[in-house]
Amino acid sequence: GAVVSQHPSWVICKSGTSVKIECRSLDFQATTMFWYRQFPKQSLMLMATSNEGSKATYEQGVEKDKFLINHASLTLSTLTVTSAHPEDSSFYICSARVLAGPFEQYFGPGTRLTVT
Amino acid sequence: GQNIDQPTEMTATEGAIVQINCTYQTSGFNGLFWYQQHAGEAPTFLSYNVLDGLEEKGRFSSFLSRSKGYSYLLLKELQMKDSASYLCAVREPPSGGYNKLIFGAGTRLAVHP
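Line by line, the protein sequences give chains A and B.
The opening position of the first sequence corresponds to residue 944 in the numbering used here, with each subsequent residue numbered one higher.
The opening position of the second sequence corresponds to residue 693 in the numbering used here, with each subsequent residue numbered one higher.
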């Protein structure tokens, strides 16, 4: 099946610093990847849609200058949280769109970000 | 607006059957997904419905009624490992060449011996 990886699996950073999260499709090419954020006991909230070779599409209320997304290749998308604040602490999950089957999304294992 | 409702928590006994309901009111509809998510892990795909009726897949079945904006996930022969959150997600019609998923808040299922 389609496998999506994320790196790192968890990260702790200080307020004001930036952290980069990578999302890779390991055995397929993904022209579209999605970035979600999930707070404890809440659902996944779509942050942005990442398209290879073009600018990401951000959901309403998500600051594009704070959450930088780059989809430089068909197997890699990165999310950079800039000038991190404690309220950015969350579980960040990426998914990749698979063209075969009912077009469901395959999810990465998630990255736990803690900002101190 | 988009609204997807699921019960927050459910408990059940090992070996029993449990039904998790999901109602939705969305501006568009292009399929409904159920995902399982263990704490601290990514969601894993369980089932997909786009037409009315029941889809069976081993111990899991999912039902959809588009006219009622209603779906349920049925889990049979419950096992302890089924303790997890179950997420209902509605797929929007394509826009910009792709479909977005709108997730419900999830139902945390606890299976007891």
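No residue lacks a Cβ here, since even glycine has one placed at the ideal position from N, Cα and C.
Treat the numbers as computed from the prediction; the structure is a model and nothing was measured.
Which of helix, strand or coil does DSSP assign to B/ASP697?
strand
Where B/MET826 and B/SER739 are concerned, what is the direct C-alpha to C-alpha distance, given to the nearest angstrom?
Given a span of 693 to 805 for chain B in the structure shown, any question on residue 826 of chain B remains unanswerable.
Classify A/HIS1028 as buried or exposed, calling it buried when 16 or more other Cβ atoms lie within 10 Å of its own Cβ.
exposed
Would you report the Cα separation of A/ILE955 and A/PHE982, rounded to the nearest angstrom?
16 Å
Starting from the N-terminal side, write out each stretch of the beta strand (DSSP E) that is 3 residues or longer and does not extend beyond the segment 734-764 of chain B.
736-741, 745-749, 752-757
List the DSSP bridge partners of B/GLN729.
B/SER777
Could you tell me if B/ALA708 is buried or exposed, where buried requires 16 or more neighbouring beta carbons within 10 angstroms of its beta carbon?
exposed
I need the boundaries of the beta strand (DSSP E) containing A/SER1016, first residue and last residue.
1010-1016
Note down, in chain order, all residues in the segment 733-745 of chain B with a beta-carbon under 9 Å from any beta-carbon belonging to chain A.
GLU733, ALA734, PRO735, THR736, PHE737, TYR740, VAL742
So what's A/GLU1030 in DSSP terms, helix, strand or just coil?
helix
Within this structure, are the beta carbons of A/LEU1022 and A/ILE1012 separated by less than 7 Å?
yes
With a cut-off of 8 Å on the beta carbons, I'd call B/SER753 and B/LEU766 a contact; round off their distance for me.
4 Å
Cβ-Cβ distance between B/GLN717 and B/GLY761 below 7 Å:
yes
For B/ALA731, count neighbouring C-beta atoms within 10 Å of its own C-beta (all shown protein chains included) and say buried if the count is 16 or more, exposed if not.
exposed
Along the chain, where does the beta strand (DSSP E) containing B/ALA802 start, and where does it finish?
799-804
Nearest-angstrom beta carbon gap, B/ILE696 and B/THR799 [assumed within contact, 8 Å]:
Contact flag wrong, Cβ pair sits at about 11 Å.
Could one say the Cβ of B/ALA731 lies closer than 7 Å to chain A's Cβ atoms, at least one of them?
no
Spatial neighbours of A/LYS1009 in its chain, beta-carbon cut-off 6 Å, leaving aside the 5 residues before and after:
THR1025
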